[in-house]
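**Student:** One structure, pasted below without further comment.
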Amino acid sequence: MVRRQRLLAGFGEFALRSDSLDEVLTEACHLVGEALGTKRARLLEISQDGRYLLVRAGVGWQADIVGKLRLPMSEHSSETFSIKAGQPVISRDIHQEDRFEVPAFMKEAGVVALANVPVFLPGGQPYGLLQVDDIRPRDFGEKDAEFLRTYAAILGPVIGRLHLVHRLGATEERFRLVVENARDYAIFVTDAEDRITDWFPGAEAVFGWTAEEAVGQSGSMLSTPQDRKHSQDAREIETARREGTAPNRRWHLRKGGERVFIDGIVTALNSPDGSPRGFLRIGQDVTGRHRTEDALRESEARFRHMADSAPALIWMTDADGQIVFANMHFDHMFGRPAAEMLGEGWAAIVLEEDLGPFLVAFEEAFRARRPFRSEVRVYDAARRIRWLRCEGVPRLDDAGRFLGYTGCNVDITEVRLAAEELEQRIAERTAELMTVEETLRQAQKMEAVGQLTGGIAHDFNNMLQGVTGGLDMARRRVAEGRTGEALRYLDAVKDAAERAAGLTRRLLAFARRQPLEPKAVDADGLIAGLADLIRRTMGPGIGVDMRLRDGTGSVLCDANELESALLNLCINARDAMPEGGRLTIGTEVVELTAADTLDGEALPGRYVAISVADSGTGMSPEVLERVFDPFFTTKPQGQGTGLGLSQVWGFMRQSGGLVRIVSTPGRGTTVRLLLPLHKDMVPEEEPEAAPPSYAISRATVMLVDDEDGVRQPAADRLRELGYIVLEARDGPEALRILASHHPDLLVTDVGLPNGMNGQQVAEALRKQLPRLPVLFITGYASTPLPTDAETIAKPFRLDALARRVQALLQPAIPSQ
Numbered sequence: 014m015v016r017r018q019r020l021l022a023g024f025g026e027f028a029l030r031s032d033s034l035d036e037v038l039t040e041a042c043h044l045v046g047e048a049l050g051t052k053r054a055r056l057l058e059i060s061q062d063g064r065y066l067l068v069r070a071g072v073g074w075q076a077d078i079v080g081k082l083r084l085p086m087s088e089h090s091s092e093t094f095s096i097k098a099g100q101p102v103i104s105r106d107i108h109q110e111d112r113f114e115v116p117a118f119m120k121e122a123g124v125v126a127l128a129n130v131p132v133f134l135p136g137g138q139p140y141g142l143l144q145v146d147d148i149r150p151r152d153f154g155e156k157d158a159e160f161l162r163t164y165a166a167i168l169g170p171v172i173g174r175l176h177l178v179h180r181l182g183a184t185e186e187r188f189r190l191v192v193e194n195a196r197d198y199a200i201f202v203t204d205a206e207d208r209i210t211d212w213f214p215g216a217e218a219v220f221g222w223t224a225e226e227a228v229g230q231s232g233s234m235l236s237t238p239q240d241r242k243h244s245q246d247a248r249e250i251e252t253a254r255r256e257g258t259a260p261n262r263r264w265h266l267r268k269g270g271e272r273v274f275i276d277g278i279v280t281a282l283n284s285p286d287g288s289p290r291g292f293l294r295i296g297q298d299v300t301g302r303h304r305t306e307d308a309l310r311e312s313e314a315r316f317r318h319m320a321d322s323a324p325a326l327i328w329m330t331d332a333d334g335q336i337v338f339a340n341m342h343f344d345h346m347f348g349r350p351a352a353e354m355l356g357e358g359w360a361a362i363v364l365e366e367d368l369g370p371f372l373v374a375f376e377e378a379f380r381a382r383r384p385f386r387s388e389v390r391v392y393d394a395a396r397r398i399r400w401l402r403c404e405g406v407p408r409l410d411d412a413g414r415f416l417g418y419t420g421c422n423v424d425i426t427e428v429r430l431a432a433e434e435l436e437q438r439i440a441e442r443t444a445e446l447m448t449v450e451e452t453l454r455q456a457q458k459m460e461a462v463g464q465l466t467g468g469i470a471h472d473f474n475n476m477l478q479g480v481t482g483g484l485d486m487a488r489r490r491v492a493e494g495r496t497g498e499a500l501r502y503l504d505a506v507k508d509a510a511e512r513a514a515g516l517t518r519r520l521l522a523f524a525r526r527q528p529l530e531p532k533a534v535d536a537d538g539l540i541a542g543l544a545d546l547i548r549r550t551m552g553p554g555i556g557v558d559m560r561l562r563d564g565t566g567s568v569l570c571d572a573n574e575l576e577s578a579l580l581n582l583c584i585n586a587r588d589a590m591p592e593g594g595r596l597t598i599g600t601e602v603v604e605l606t607a608a609d610t611l612d613g614e615a616l617p618g619r620y621v622a623i624s625v626a627d628s629g630t631g632m633s634p635e636v637l638e639r640v641f642d643p644f645f646t647t648k649p650q651g652q653g654t655g656l657g658l659s660q661v662w663g664f665m666r667q668s669g670g671l672v673r674i675v676s677t678p679g680r681g682t683t684v685r686l687l688l689p690l691h692k693d694m695v696p697e698e699e700p701e702a703a704p705p706s707y708a709i710s711r712a713t714v715m716l717v718d719d720e721d722g723v724r725q726p727a728a729d730r731l732r733e734l735g736y737i738v739l740e741a742r743d744g745p746e747a748l749r750i751l752a753s754h755h756p757d758l759l760v761t762d763v764g765l766p767n768g769m770n771g772q773q774v775a776e777a778l779r780k781q782l783p784r785l786p787v788l789f790i791t792g793y794a795s796t797p798l799p800t801d802a803e804t805i806a807k808p809f810r811l812d813a814l815a816r817r818v819q820a821l822l823q824p825a826i827p828s829q
């Protein structure tokens, strides 16, 4: 007996030390088996559904039994009987047991004697069964039964305590997870004196103070000055102390001084003796909701006032979609009593062409029992078309049965008209902005032209001197009869004139006002064509190196804008080298990865990189940060618009490219233009055709130009080829000639005097000769020509003019 008491005491000590239910149950089986001398025992736990007994713990049994075997709670088993009767059930030999059904696994395991004792949790709820068995026949006597009852009586509360410990631990863990992750709720604890002792992440998220800043402070630090003045925090604490809880629904302060509305509660935390030991504060930031509720209340008040007086069409349908109610605004809008329209449906008021789509939208919403919205046209009482916005929501009774729709129709005619007017104004404003943008772009071009012309004036004068000098010497040699020597001077004059023409053509192309026209551009060829212009612009003090990679490929962009960008960069480089230096222009093909393009500003791939590098003064990091800002310039006032680099940046972005700039004060600047590679090779231009040697069937050409020096040589060359040439100095003279002659082709200068330009002359002649082909001679025209116009640019070779005339006349006179 003493030994068993010691075992009971030892079990009690073990149970108090351990919080593991599995460890306690296993130790319980071990000790009871040792106390009864069997070394075999099991604890069976009732399943949650009450249908099975699980072997929860045991000693002396195989591993496939403990924790795995489930026994049905059969009404004929000794286990079920013992639990329901609340009494031990003892069998001396289960093989001779005729009172109960014995599980087969016990017989297979060699069990002979068996003792069942029910285990109850505090409150009398059955937990399960303690079983002790022996492999030989045995009488478990009254002392054994009493010991088992005592053991079970101790075991039940121990299991109950461990269940509570487990639930408490789980609850505490859930509470910890909730508290630490509840960022929308401010949760903190104060002591009995309202000093903050615990400050959880949600409180930091709502109020802004960290735990280090908040702990130890008074809870009133969160109150507004007005609430502190009226001791609102102290009143809440007193209410919670007296009643257990107190509402905390008022404005509070964040760390930065911002106001935040908290909807919360203050709960008193009491010691076991009932004395207060602190307060738990939980509050939700409902600032947005509170303001919304205030606004909603005000809005509802305003709406109620407006709804009483505003002319809105309120309607109601039945479950079949027929109108069963309409307010008096029906009378005002449609000139018919609402009663006349009841049961007629929407067909009575909606325009026929709008009725189909409206009914489809309504019926789809109707079948789905969901809100609907539609805009539809109707005739009002004066037979004017009005726009209505129709909105409806399902109407249900208390049982949730669908009764139909309740809705409101609002007259939005003025809104629709205003929207159409706004769209028109936006379109007009967009056109204005595009015009302004084009004007700014052209202004920047003209600024660059101004920079260029000063640099090339000297070279242009040299070319003119070559022309005048050559002509003077040619005239002398002809007068002396030495005509062979005169040809040498005339060739020199022709060469100088063609060089001057090329330079002029470059300047005019650069300054021309025209829309962006992306096309395949040979980057190397374009830069090489600008080389002479760039060198002249730089002046004698700046050396120019061209490092062009042969066959770089083409890019897809506007060639004129690319020239503009390059010349702007060269002018900037020249201005950065007042004492002279070197300008290096190069091209190469590079591969850009996703890491090379920031924020998706361009796509990865192969790019043609055009670099413009100077050895000038460079830029500071502060200037470099703003270098692409519109209207930002480092040049003296009046010497720069600040649009050059910003327009370069805009052009590159518009062309799918990038701009990269590197600069060091005192060491120079390098700008790289990166444009996506369009094609690896650019087709070579076809060689110039041979000059024509015949006319098209004695065709008649009208030639209009106010400059005798242009018109007369061109007319003489065309006559040499056999054409009939009608000459006119301006538009009115051309119209007078047209009264008696019908030309096969009109060749006219664009810029003409006396009130008619070349386009107007062409339009006037085509009124009488609709199929008349026209060739425009262009120098620099402020009025742009149609994109499909046939043109030849001054200065031109006379044979080039003859070829264009022949090409235009061949389709006009098919027989040739």
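Numbering-wise, my numbering comes out as the position in the sequence shown, counting from 1, plus 13.
The beta-carbon is built from N, C-alpha and C at its ideal position, and this holds for glycine as well.
Bear in mind the structure is a predicted one, so any value in this text is a computation, not a measurement.
1) Short check: CB of G417 to CB of A332, under 7 Å?
2) To which residues of the same chain is V675 closer than 6 Å at the C-beta, ignoring the five residues directly before and after it?
3) Below 8 Å on the Cβ atoms is my contact criterion, and I expect L605 with G618 to pass it. Report the Cβ-Cβ distance as a whole number of Å.
4) When DSSP builds the beta bridges, which residues end up paired with C421?
5) Excluding the 5 residues flanking R262 on each side, which residues of the same chain have their C-beta closer than 6 Å to its C-beta?
6) If contact is defined by three or more beta carbon pairs under 8 Å, each pair taking one atom from either stretch, is the stretch 534-552 in contact with the stretch 580-591?
7) By the 10 Å Cβ neighbour count, where 16 or more other Cβ atoms means buried, how is I555 classified, buried or exposed?
8) When burial is assigned at 16 or more other CB atoms within 10 Å of the CB, is V818 buried or exposed?
9) Would you say D204 and G291 are within 7 Å of each other, going by their C-beta atoms?
10) Candidates G722, S633, L716, E47: which alpha carbon is nearest D743's?
11) Closest to V557 by C-alpha separation, out of L616, A626, V603, G257, would be which residue?
12) When the Cα atoms are used, what is the spatial distance from Q660 to R666?
13) Taking DSSP as the reference, what is the three-state secondary structure of L806?
14) Which two residues bound the contiguous alpha helix (DSSP H) that contains N581?
15) Is any non-hydrogen atom of the ligand HEM found closer than 6 Å to the C-beta of A205, if you look at the structure I gave you?
16) Suppose the cutoff is 8 Å on Cβ atoms and the five residues either side in sequence are ignored; what does the same chain contact list for N283 look like?
17) Does DSSP put N194 in a helix, in a strand, or in coil?
18) Let me check one thing: in DSSP terms, what residues is N261 bridge-paired to?
19) Who are M559's beta bridge partners in DSSP?
20) Might you give, ordered along the chain, the residues of its own chain that have their beta carbon closer than 8 Å to the beta carbon of K120, omitting 5 neighbours on each side?
21) So, using beta-carbon positions, are D211 and F220 closer together than 7 Å?
22) Just reading off the beta strand (DSSP E) that D128 is part of, what are its end residues?
23) In terms of residue numbering, what span does the alpha helix (DSSP H) encompassing F118 cover?
24) Enumerated in chain order, which unbroken segments of the beta strand (DSSP E) with a length of 3 residues or greater are wholly contained in the stretch 30-74?
25) Out of D411, N422, L788, S567, which has the shortest C-alpha to C-alpha gap to R402?
26) Under three-state DSSP, which class holds G25?
27) With DSSP run on the structure shown, which of helix, strand or coil describes D721?
28) Excluding the five sequence neighbours on either side, which residues of its own chain have a C-beta within less than 8 Å of the C-beta of D321, listed in chain order?
29) State the DSSP-derived secondary structure class of I148, mapped to helix, strand or coil.
30) Taking 7 Å as the cut-off, decide whether the C-beta atoms of F338 and V299 are in contact.
31) Where are the alpha helix (DSSP H) runs, 4 residues long or more, that stay fully inside the stretch 744-786, in chain order?
32) Check this for me: beta carbons of D861 and I737, under 7 Å apart or not?
33) Output the distance between the C-alpha atoms of T565 and L734, rounded to the nearest integer angstrom.
34) Evaluate contact between the stretch 110-126 and the stretch 86-95, counting only Cβ atoms and requiring at least three cross-stretch pairs below 8 Å.
35) What did DSSP end up calling V491 once you bin it into helix, strand or coil?
36) The beta strand (DSSP E) that contains R294, what's its start and end?
**Tutor:** The structure says:
1) As a working mapping, residue 417 is identified with position 404 in the sequence shown. As a working mapping, residue 332 is identified with position 319 in the sequence shown. If you check the CB distance, G417 and A332 come in under 7 Å.
2) On the sequence shown, position 662 is the one that residue 675 refers to. If we look at V675 and ignore the five residues flanking it on each side, its Cβ neighbours are T683.
3) Against the sequence shown, residue 605 aligns to sequence position 592. Against the sequence shown, residue 618 aligns to sequence position 605. Yes, they are in contact, since the Cβ atoms of L605 and G618 sit about 6 Å apart, within 8 Å.
4) Looking up residue 421 in the sequence shown gives position 408. DSSP output for C421 lists I327, E404 as bridge partner(s).
5) Within the sequence shown, residue 262 is the residue found at index 249, counting from 1. Cβ within range, chain order: D276.
6) yes
7) In the sequence shown, the residue the question calls residue 555 occupies position 542. I555 should be labelled buried.
8) Counted from its first residue, the sequence shown places residue 818 at position 805. Buried: at least 16 other Cβ atoms inside 10 Å.
9) For the purposes of this step, residue 204 is taken as residue 191 along the sequence shown, with counting starting at 1. For the purposes of this step, residue 291 is taken as residue 278 along the sequence shown, with counting starting at 1. Yes, Cβ-Cβ distance for D204 and G291 is below 7 Å.
10) For the purposes of this step, residue 743 is taken as residue 730 along the sequence shown, with counting starting at 1. D743 has its Cα closest to that of L716, out of G722, S633, L716, E47.
11) Taking the first residue of the sequence shown as 1, we reach residue 557 at position 544. The shortest C-alpha separation from V557 is found at A626.
12) Working through the sequence shown from its first residue, we reach residue 660 at position 647. Working through the sequence shown from its first residue, we reach residue 666 at position 653. Rounded to whole angstroms, Q660 to R666 spans 10 Å at the Cα level.
13) Within the sequence shown, the letter at position 793 stands for residue 806. It should be noted that the sequence gives Ala, not Leu, for residue 806. Strand, per DSSP.
14) On the sequence shown, position 568 is the one that residue 581 refers to. From DSSP, the alpha helix (DSSP H) with N581 extends over 572-588.
15) In the structure shown, the ligand HEM is absent, as is every other ligand, since no ligand is present at all.
16) On the sequence shown, residue 283 is found 270 positions in, with the first residue counted as 1. Listed in chain order, the non-local C-beta contacts of N283 below 8 Å within the same chain comprise P289, R290, local neighbours out to five positions each way being set aside.
17) Here residue 194 is taken as the residue at index 181 of the sequence shown, counted from 1. N194: helix per DSSP, three-state reduction.
18) Reading the sequence shown from its first residue, position 248 is the one you call residue 261. Answer is G277, bridged to N261.
19) Position 546 of the sequence shown, counting from 1, holds the residue named residue 559. Answer is I598.
20) For the purposes of this step, residue 120 is taken as the residue at position 107 of the sequence shown. Closer than 8 Å at Cβ, skipping near neighbours: I107, H108.
21) Within the sequence shown, the letter at position 198 stands for residue 211. Within the sequence shown, the letter at position 207 stands for residue 220. No, the pair does not count as a contact, with Cβ atoms beyond the cut-off.
22) Numbered from 1 along the sequence shown, position 115 holds the residue referred to as residue 128. Reading the sequence as shown, one finds Ala at residue 128 and not Asp. A128 -> beta strand (DSSP E) spans 126-133.
23) Within the sequence shown, the letter at position 105 stands for residue 118. Per DSSP, F118 belongs to the alpha helix (DSSP H) from 117-121.
24) 54-59, 65-72
25) Here residue 402 refers to the residue found at position 389 when the sequence shown is read from its first residue. Ranking the options by Cα distance to R402, first place goes to N422.
26) Residue 25 sits at position 12 when you count from the first residue of the sequence shown. G25 falls in the helix class under three-state DSSP.
27) Residue 721 sits at position 708 when you count from the first residue of the sequence shown. The answer is helix: DSSP assigns D721 an H, G or I state.
28) Looking up residue 321 in the sequence shown gives position 308. Its pLDDT being 44, under 50, D321 is placed unreliably by the model, and the measurement read from it follows with that caveat. Result list for D321: empty, nothing under 8 Å.
29) Counting from 1 along the sequence shown, the entry for residue 148 is found at position 135. I148: coil per DSSP, three-state reduction.
30) For the purposes of this step, residue 338 is taken as the residue at position 325 of the sequence shown. For the purposes of this step, residue 299 is taken as the residue at position 286 of the sequence shown. In this structure, V299 does not lie closer than 7 Å to F338 by Cβ.
31) 744-751, 771-781
32) No answer is possible for residue 861: it lies beyond the span of the chain, which begins at 14 and ends at 829.
33) Sequence index remark: in the sequence shown, residue 565 carries index 552 (1-based). Sequence index remark: in the sequence shown, residue 734 carries index 721 (1-based). Cα to Cα, the separation comes out at about 43 Å.
34) yes
35) Residue mapping note: residue 491 aligns to position 478 of the sequence shown, counting from 1. Three-state DSSP puts V491 in a helix.
36) To locate residue 294, count along the sequence shown from 1; it is residue 281. Element bounds for R294: 289-298.
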